[in-house]
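Visitor: Chains as they are written, first to last, in the working numbering: chain A, 7 to 490; chain B, 7 to 221.
The beta-carbon is built from N, C-alpha and C at its ideal position, and this holds for glycine as well.
The structure presented is a predicted model; accordingly, all values stated were derived computationally and were not measured.
Here you go, one structure.
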């Protein structure tokens, strides 16, 4: 029941926003605040129940510790992006960039997007999960083209086409996996759930399963932004409104990766982990290296953050590919990356509002122009590049340690990539944060709604680096056991 | 009898993919897509009678309504409104396209996909054709320059995957079947709206001329 309530909240919020009239626009804020509060409440309840009872499984839902971890990531990401959106769009409204009807459209689609992400991680059926992930593409396509500019239209089209082809390949892989599995399940006439799939042990002919996993990896890997299927990601993330970019990078990529992980658990049970791990290591290292070099020469700070997401998805893929401690660190990395990337994108929103440009060369003296945002932006940069004591330092360290004995060459390459990213980020960030504020830029922050969500995310990010809440520890420990 | 009918329909489906590759006229492409969707619906109807499944029959009817009637009407309206008579030119020439399709057929019948083509099902003889259809429709999406033909390419890929799933004997609940059809329908509506918006912005649907992201 709790799961149904959690799914109903964003749906009801979207419906409620659609009834708001121009003269009642303050109600959009009330609806968003109420929706966020209810989502936090129901998510917390679902997470605590999952911790208490292990797995919640029914005809339509399958929530284990891995799903619960994703529910946590979605809730935090959608809370910060949802609240920030109100302040951000208010500022854009003041500048006459967007009108009331566009703002309304944004919140309707944003809530539908949040619903599809929750649904994807909760649903018991692999084909339903595919529908949910495909629905994330549909709900976000119009948000990417939100500003109705030619470049945004092009980015949205690219996003729609590349992801649709990718996801259809993922669907093909899912169907092959289900076809092979159903022949091993006695008494099952109709399509099976994750629970049934996990119960299948080793099978005789692994080749069809391998082909299925390749399609799944390419399909959902496209949505995760793994190289070479990543080409839509920097365009979509850089052209979308900033709060959506934060959700796409910080949350949606994790949800898509979750789809790979769910299938990996099933495939590993059937044919052992060598095959899926090898593929993850391959896609992971290529993603890190390609993203690292592009980050070094990047000229646009939103694209810089988008490529950083590709790099981090690569690192997470390496963690799950290496196995053992790498899995535990990979799960932690998902949490820390989500927080750090949300923080950075939200900061970049304030920077964009102030400087009206996404070019790194046009942004100087953020610390003077936006002192609070500037400090948090630096915080975010240190966190995302894995500087100690931030959590990503430890997760990267443990991921690389997990692979050092089996894949020393890959670990060396990954380390080189991470160092290049650090150098690139530091170069770009220092040029943006320090220096003289360009003439015509008024100093000062925008308002409570554009700063408070940043502070909340920053506090969680730093707090988790120093003290990890026991409930997250239990979730991660329990989720990592699924990969043993 | 049923095996032969399905083999015949699967072959027809594959032929429609080849014809779509060679077509340059938008209206004809949409009509071929409708014919192709009709073939897939017919396959599902045959399966529904064979398995005595009312759920499968309902989903086949839903597919017929959505893909054979509603979606082509959507596309025709779009073509008339935007005057998209010819919007489906290819990157590769016709001989090169045919050579690639031939290679795809060889690949689908090769040992690479032996694990799939030898799946234990009554209709295993049709699996290589179904697989060729999937790969050829993927190539169709990549090979076409026009936005409308990319959409038709993706919908063709979906049709081929549905026929493949039926042939390998994958049974699904009615809710799930309808969910997938609804998802594809919504996708088509969104893609059609995007095409209109893109035409308004760029004055063309040739994606090679849409290069604003390089700025």
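With distances taken between CB atoms, is the gap from residue 349 of chain A to residue 382 of chain A smaller than 8 Å?
Guide: As a position in the first chain, residue 349 of chain A is number 343, starting the count at 1. As a position in the first chain, residue 382 of chain A is number 376, starting the count at 1. Cβ atoms of residue 349 of chain A and residue 382 of chain A: closer than 8 Å.
Visitor: Using the Cα positions of residue 221 of chain B and residue 245 of chain A, report the straight-line distance between them to the nearest angstrom.
Guide: For the purposes of this step, residue 221 of chain B is identified with residue 215 of the second chain, where counting begins at 1. For the purposes of this step, residue 245 of chain A is identified with residue 239 of the first chain, where counting begins at 1. In this predicted model, residue 221 of chain B has a pLDDT of only 46, less than 50, meaning its place in the structure is not dependable enough to derive any value.
Visitor: Measure the alpha-carbon distance for residue 111 of chain A versus residue 24 of chain A and round it to whole angstroms.
Guide: Position 105 of the first chain, counted from the first residue, corresponds to residue 111 of chain A. Position 18 of the first chain, counted from the first residue, corresponds to residue 24 of chain A. If I take the Cα positions, the gap works out to 8 Å.
Visitor: Taking Cβ-Cβ distances below 8 Å as the criterion, which residues of the segment 108 to 131 of chain B are in contact with chain A?
Guide: Contact residues of the segment 108 to 131 of chain B toward chain A are 119, 120, 121, 122, 125, 126 (C-beta to C-beta distance below 8 Å).
Visitor: Got a sec? Which residues, its chain only, sit under 6 Å from residue 469 of chain A by beta carbon, not counting five neighbours each side?
Guide: Reading the first chain from its first residue, position 463 is the one you call residue 469 of chain A. Nothing listed; no residue qualifies.
Visitor: Could you spell out the range, first to last residue, of the alpha helix (DSSP H) harbouring residue 201 of chain A?
Guide: For this step, residue 201 of chain A is matched to residue 195 along the first chain. Per DSSP, the unbroken alpha helix (DSSP H) holding residue 201 of chain A starts and ends at 200 to 205.
Visitor: Say whether chain A places a C-beta atom closer than 8 Å to the C-beta of residue 209 of chain B.
Guide: To locate residue 209 of chain B, count along the second chain from 1; it is residue 203. No, residue 209 of chain B lies away from the interface with chain A (no Cβ there is under 8 Å from its Cβ).
Visitor: Taking any Cβ of chain B, which residues in the segment 212 to 245 of chain A have a Cβ under 7 Å from it, in chain order?
Guide: 213, 214, 217, 241
Visitor: Alpha helix (DSSP H) containing residue 297 of chain A: first to last residue?
Guide: Counting from 1 along the first chain, the entry for residue 297 of chain A is found at position 291. Counting along the chain, the unbroken alpha helix (DSSP H) around residue 297 of chain A starts and ends at 280 to 302.
Visitor: What residues of chain B sit near residue 162 of chain A, judged by a beta carbon separation below 8 Å?
Guide: Taking the first residue of the first chain as position 1, residue 162 of chain A is located at position 156. The answer, in chain order, is 200.
Visitor: Say whether chain B places a C-beta atom closer than 8 Å to the C-beta of residue 11 of chain A.
Guide: On the first chain, position 5 is the one that residue 11 of chain A refers to. Residue 11 of chain A does not count as touching chain B.
Visitor: So, helix, strand or coil for residue 360 of chain A, using DSSP?
Guide: Along the first chain, one-based indexing puts residue 360 of chain A at 354. Looking at residue 360 of chain A - three-state DSSP - the assignment turns out to be helix.
Visitor: Give the secondary structure of residue 317 of chain A by DSSP, where H, G and I count as helix, E and B as strand, and everything else as coil.
Guide: As a position in the first chain, residue 317 of chain A is number 311, starting the count at 1. Here residue 317 of chain A sits in helix by DSSP.
Visitor: So, at 7 Å on beta carbons, what are the nonlocal neighbours of residue 129 of chain B in its own chain, with the 5 sequence-adjacent residues on each side left out?
Guide: One-based indexing of the second chain puts residue 129 of chain B at position 123. Cβ within range, chain order: 9, 12, 173.
Visitor: Quick check on this structure: which residue in A:201, A:54, A:43, A:18 has the alpha carbon closest to the alpha carbon of residue 119 of chain A?
Guide: The sequence position of residue 119 of chain A within the first chain is 113, counting from 1. Comparing Cα-Cα distances from residue 119 of chain A to each of A:201, A:54, A:43, A:18, the minimum goes to A:18.
Visitor: What residue range is occupied by the uninterrupted alpha helix (DSSP H) comprising residue 476 of chain A?
Guide: Sequence index remark: in the first chain, residue 476 of chain A carries index 470 (1-based). For residue 476 of chain A, the enclosing alpha helix (DSSP H) has its first and last residue at 476 to 487.
Visitor: Determine, using beta-carbon pairs with one atom in the segment 226 to 245 of chain A and one in the segment 308 to 320 of chain A, whether at least three such pairs fall under 8 Å.
Guide: Counting Cβ pairs under 8 Å, three or more are found: they touch.
Visitor: Identify every residue that forms a DSSP beta bridge with residue 150 of chain B.
Guide: Reading the second chain from its first residue, position 144 is the one you call residue 150 of chain B. For residue 150 of chain B, which the question treats as bridged, DSSP gives the partners B:96.
Visitor: Counting C-beta neighbours from all protein chains within 10 Å, is the total for residue 36 of chain A 16 or more, i.e. buried, or is it exposed?
Guide: One-based indexing of the first chain puts residue 36 of chain A at position 30. By the 10 Å Cβ count, residue 36 of chain A comes out exposed.
Visitor: By Cβ distance, which residues of its chain are closer than 8 Å to residue 165 of chain A, with the 5 residues on each side in sequence left out?
Guide: The sequence position of residue 165 of chain A within the first chain is 159, counting from 1. Cβ within range, chain order: 143, 146, 147, 150, 238, 241, 242.
Visitor: Does any C-beta atom of chain B lie closer than 8 Å to the C-beta of residue 133 of chain A?
Guide: The residue you call residue 133 of chain A lines up with position 127 of the first chain. Chain B has a Cβ within less than 8 Å of the Cβ of residue 133 of chain A.
Visitor: Taking only three categories from DSSP, how would you classify residue 63 of chain A?
Guide: Translated into the one-based positions of the first chain, residue 63 of chain A becomes position 57. Note: residue 63 of chain A maps to strand in three-state DSSP.
Visitor: Using the beta-carbon of each residue, which ones in chain A are nearer than 7 Å to residue 27 of chain B?
Guide: The count along the second chain starts at 1 and reaches residue 27 of chain B at position 21. Neighbours of residue 27 of chain B on chain A: none; closest Cβ ~16 Å, over 7 Å.
Visitor: Can you pull the DSSP bridge partners for residue 129 of chain A?
Guide: Reading the first chain from its first residue, position 123 is the one you call residue 129 of chain A. Residue 129 of chain A is bridged to A:67.
Visitor: By Cβ distance below 6 Å, which residues in the same chain neighbour residue 63 of chain B in space, the five residues on each side in sequence not counted?
Guide: In the second chain, counting from the first residue as 1, residue 63 of chain B sits at position 57. Excluding residues within five positions, the ones whose Cβ falls inside 6 Å are 54.
Visitor: With the cut-off set at 8 Å, would you say residue 451 of chain A and residue 376 of chain A are in Cβ contact?
Guide: Here residue 451 of chain A refers to the residue found at position 445 when the first chain is read from its first residue. Here residue 376 of chain A refers to the residue found at position 370 when the first chain is read from its first residue. Closer than 8 Å, so yes.
Visitor: Starting from residue 10 of chain B and walking both ways along the alpha helix (DSSP H), at which residues does that stretch end?
Guide: Reading the second chain from its first residue, position 4 is the one you call residue 10 of chain B. Here the alpha helix (DSSP H) through residue 10 of chain B covers 8 to 28.
Visitor: From the DSSP output, which residues share a beta bridge with residue 115 of chain B?
Guide: As a first step, residue 115 of chain B is located in the second chain; it is residue number 109 there, counting from the start. According to DSSP, residue 115 of chain B bridges with nothing at all.
Visitor: Start and end of the alpha helix (DSSP H) containing residue 268 of chain A?
Guide: Translated into positions along the first chain, residue 268 of chain A becomes position 262. First-last of the alpha helix (DSSP H) with residue 268 of chain A: 259 to 277.
Visitor: Label residue 442 of chain A either buried or exposed according to how many other C-beta atoms from any shown protein chain fall within 10 Å of its C-beta, with 16 as the threshold for buried.
Guide: As a working mapping, residue 442 of chain A is identified with position 436 in the first chain. Residue 442 of chain A is exposed by the Cβ-count criterion.
Visitor: Between the Cα of residue 484 of chain A and those of A:58, A:51, A:27, spot the shortest distance and give me the residue it belongs to.
Guide: Locating residue 484 of chain A in the first chain gives position 478, counting from the first residue. That would be A:58, whose Cα lies nearest to the Cα of residue 484 of chain A.
Visitor: Alpha carbon to alpha carbon, how far is residue 301 of chain A from residue 249 of chain A? Give it in angstroms, no decimals.
Guide: For the purposes of this step, residue 249 of chain A is taken as residue 243 along the first chain, with counting starting at 1. For the purposes of this step, residue 301 of chain A is taken as residue 295 along the first chain, with counting starting at 1. A straight line joining the alpha-carbon of residue 249 of chain A with that of residue 301 of chain A spans about 22 Å.
Visitor: So, with DSSP's three-state summary, where would you put residue 365 of chain A?
Guide: Residue numbering aside, residue 365 of chain A sits at position 359 when the first chain is read from its first letter. DSSP places residue 365 of chain A in strand when its eight states are reduced to three.
Visitor: Excluding five sequence neighbours on each side, which residues of the same chain lie with their C-beta closer than 7 Å to the C-beta of residue 33 of chain A?
Guide: Here residue 33 of chain A refers to the residue found at position 27 of the first chain. Correct list, in chain order: 26.
Visitor: Name, please, each residue of chain B whose Cβ falls closer than 7 Å to the Cβ of residue 273 of chain A.
Guide: As a working mapping, residue 273 of chain A is identified with position 267 in the first chain. Neighbours of residue 273 of chain A on chain B: none; closest Cβ ~14 Å, over 7 Å.
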